[in-house]
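Input: a single structure, listed below in structure tokens.
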Amino acid sequence: MVGLQPSEVPPTTVVKFLGAGAAACFADLLTFPLDTAKVRLQIQGENPGAQSVQYRGVLGTILTMVRTEGPRSPYSGLVAGLHRQMSFASIRIGLYDSVKQFYTPKGEDRTWPNITRNAIVNCAEMVTYDIIKEKLLDSHLFTDNFPCHFVSAFGAGFCATVVASPVDVVKTRYMNAPPGRYRSPLHCMLKMVAQEGPTAFYKGFMPSFLRLGAWNVMMFVTYEQLKRALMKVQVLRESPF
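Our numbering applies: residue 13 is where the sequence shown begins, and numbers increase by one.
Here it is as structure tokens:
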């Protein structure tokens, strides 16, 4: 897959904003069942005495859901997810370059340590993707094309999974627990460690990685191509010939 070549004209803020939202929605459409499976695996075993293990593995979880709840069950909540991506990803991803350039001192090519330090939420995805892509281009291993975007996005997805899994598991357990089971997220975390050990923080790691890895690859590759396609359209519209 070669894809569109980089445009000589840098993408506008509107192009990046719309491209990021559309790319994020496309990635969500293709990876949403993995997210659903991840949640089911994360909350499984919270009350060991209640029932035996219901889900085993990513594929087994999805197949069990389809068999017991119907073929639409892996996509339960998709509409809300798309609304979130179109509003959240458009800002988080689409405006990243513009904000980074705004805070980059003139004459300085790299302020990514400051970005990493100050952007905790997005560092696992946006900054990791940005750093890996920059290093690949600087080393001349890749040009600014599909393989470069793929490798950068894959690395970003892995880093995001490692960093986010403990918080994600605690959040999922806390939000899905019946009222009164946990006093706070911290209480939930301590109870998980006491009852299930530290490995509980990485329950559902594989579906999380498959979800985030695939999502990042699809989103970033689509985003890069959409930016170039939209800029080519804009240049053609503005051309006098």
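Backbone N, C-alpha and C fix where the C-beta goes; we use that ideal spot for every residue, glycine too.
The distance from the Cβ of residue 25 to that of residue 110 is about 5 angstroms, consistent with a contact at the 8 angstroms cut-off. Straight-line spacing of the CA atoms in residue 78 and residue 44 works out to 14 angstroms. When DSSP states are grouped into helix, strand and coil, residue 157 belongs to the coil group. With three or more CB-CB distances shorter than 8 angstroms, the region 220-240 counts as touching the region 31-47. Closest in C-alpha terms to residue 216, from the list 177, 210, 240 and 245, comes 177. Judged by pairs of C-beta atoms under 8 angstroms, the region 162-174 touches the region 135-144, as three or more such pairs exist. Around the beta-carbon of residue 22, fewer than 16 other beta-carbon atoms lie within 10 Å, marking it exposed. For the pair of segments examined, the region 25-38 was found not to touch the region 196-207: the number of CB pairs separated by less than 8 angstroms stays below three. About 5 angstroms separates the Cβ atoms of residue 35 and residue 231, confirming a contact at the 8 angstroms cut-off.
Secondary structure note for residue 50: its alpha helix (DSSP H) is the uninterrupted segment 25-55. Between the alpha carbons of residue 207 and residue 201 lies a gap of roughly 10 angstroms. Residue 51 is positioned such that its CB atom lies closer than 9 angstroms to that of residue 188. Beyond the five residues adjoining it in sequence on each side, residue 53 comes within less than 7 angstroms, by CB distance, of 67, 73, 215, 216 and 219 in the same chain, given in chain order. The beta-carbon distance between residue 233 and residue 158, rounded to whole angstroms, is 6 angstroms. This is short enough to meet the 8 angstroms contact definition. The Cβ neighbour count for residue 161, taken over all protein chains shown within 10 Å, is at least 16; the residue is labelled buried. Nearest C-alpha to residue 185 among 42, 55 and 37: 55.
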